[in-house]
Structure formats: structure tokens, C-alpha cells
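Written out below as C-alpha cells is the structure these notes cover.
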Amino acid sequence: MRQITDKWEIEEAQRYLDLAADEALNSNCKKSPRGVIIINNDEIIGRGHNRAMNSLADKYCNPCIRENIKDNTQMDLCPAVHAEMMAILEAEKEKLPGSTMYHIKVKSNELVPSGKPSCSPCSKLISLSGIKELILWHDKGYFAYKSNELIGLSIDYFLKED
Numbered sequence: 003m004r005q006i007t008d009k010w011e012i013e014e015a016q017r018y019l020d021l022a023a024d025e026a027l028n029s030n031c032k033k034s035p036r037g038v039i040i041i042n043n044d045e046i047i048g049r050g051h052n053r054a055m056n057s058l059a060d061k062y063c064n065p066c067i068r069e070n071i072k073d074n075t076q077m078d079l080c081p082a083v084h085a086e087m088m089a090i091l092e093a094e095k096e097k098l099p100g101s102t103m104y105h106i107k108v109k110s111n112e113l114v115p116s117g118k119p120s121c122s123p124c125s126k127l128i129s130l131s132g133i134k135e136l137i138l139w140h141d142k143g144y145f146a147y148k149s150n151e152l153i154g155l156s157i158d159y160f161l162k163e164d
């Protein structure tokens, strides 16, 4: 993981995270709307938002069955497909190797700083797809995570948390 400190790279992260936030507005997730943009050579090659199939959303998302469950635990109970997965499924596959993924959470139309990487299924898919980096906005700024470090960080999140 590295903190992004270069002014140009910060502006780029802000621009792409704003586009990811626009994508998150399409989410039908009530608990945690998310958006993702995948970029390669300054071209959007994939975009996605988390979503549940409408028939499942009606049954399991009103209210959200995970509302009182710790974030990122018991994900098998969630009927939604994550934004990262949707973006990779939608992406131009031949352009994924070496690309960069930008991920953001939105709540009440406001960008929300990310926590530590914690979704091992998405981390595995990001790494296997050939995406080079994941960019997240945290309270302390913008950070770039190499895709091959995400899986370990996601596992560590659960091993070290109470």
C-alpha cells in the first residue's frame, strides 16, 4: 500500500472516484451503495455498482437483513453482487491487465471514506483479473493497493479485528 501524495495523482483519483460515486447512485443496496470504475490508459474499460436482483431485493433488502451485522461479515447472506465484481464482469477483458480500479462508498449522496480492505472474494477476483491497483479514499487521504496484497489484507482484517 502506498499513500498517494503527488498532486496530479490526487486530482486523478478525485476525478475517477467522482465517476465511481456517480455509478454508485445506480445501486439498489440500502445499507452500503458502492461504485467502481476501472481505468486503463485514461480510458474507462469497466464500471459497476452493487446490486441485488430485484426479486431478491424485495424480499431481503426491505429492511436489509444484514443491517445489524458487522460490516463485511456473513456476506453470504447478502443477495447483492459487489460493485467490484460487476465492473470486472462488464469490463473489456483484454484491457484488464495493468488497469486501475477506483472504489467508493456513498451514503446520502456523500462520499464515505473507505475502511481497510476486507472483502476477500472481491480481492481474489481483482488479483486474478490482472488489475494492477485498487485506489481507495481513506480519512487520511488516497491510497493505492497492489492487487496481490489485497487478499492478505482482507484476511488480516478478520484475524486482527475484535
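Numbering-wise (the numbering used here), the sequence shown opens with residue 3 and increments by one. No residue lacks a Cβ here, since even glycine has one placed at the ideal position from N, Cα and C. None of the values given here were measured: they were computed from a predicted structure.
- In this structure, Leu-113 lies near Ala-23, with their beta-carbon atoms less than 7 Å apart.
- Following the DSSP letters along the chain, one finds Ala-85 inside the alpha helix (DSSP H) bounded by residues 85-92.
- Looking from the CA of Ala-93, the closest CA among Ile-46, Leu-21, Pro-115, Tyr-18 belongs to Ile-46.
- Its Cα nearest to that of Lys-142, the residue Gly-117 stands out among Gly-117, Ala-54, Asp-44, Glu-86.
- Taking C-alpha positions only, Leu-155 is separated from Arg-17 by approximately 26 Å.
- Your pair Ile-157 and Ser-122 checks out as a contact, with CB atoms roughly 6 Å apart and the cut at 8 Å.
- Every beta strand (DSSP E) stretch that sits fully inside the segment 11-77 and reaches 3 residues is listed by chain position as 36-42, 45-51.
- Within the model, the alpha-carbon separation for Tyr-144 versus Glu-96 is close to 27 Å.
- The three-state reading of DSSP puts Gly-154 in helix, counting H, G and I together.
- In the DSSP assignment, Lys-126 falls outside any beta strand (DSSP E) and lies within the alpha helix (DSSP H) extending over 122-131.
- Each residue's CA atom was taken as its position, placing Lys-148 and Ile-40 some 14 Å apart.
- Taking Val-108 as reference, the option from His-140, Gly-37, Lys-9 with the minimal CA-CA separation is Gly-37.
- Your pair Cys-31 and Arg-53 checks out as a contact, with CB atoms roughly 7 Å apart and the cut at 8 Å.
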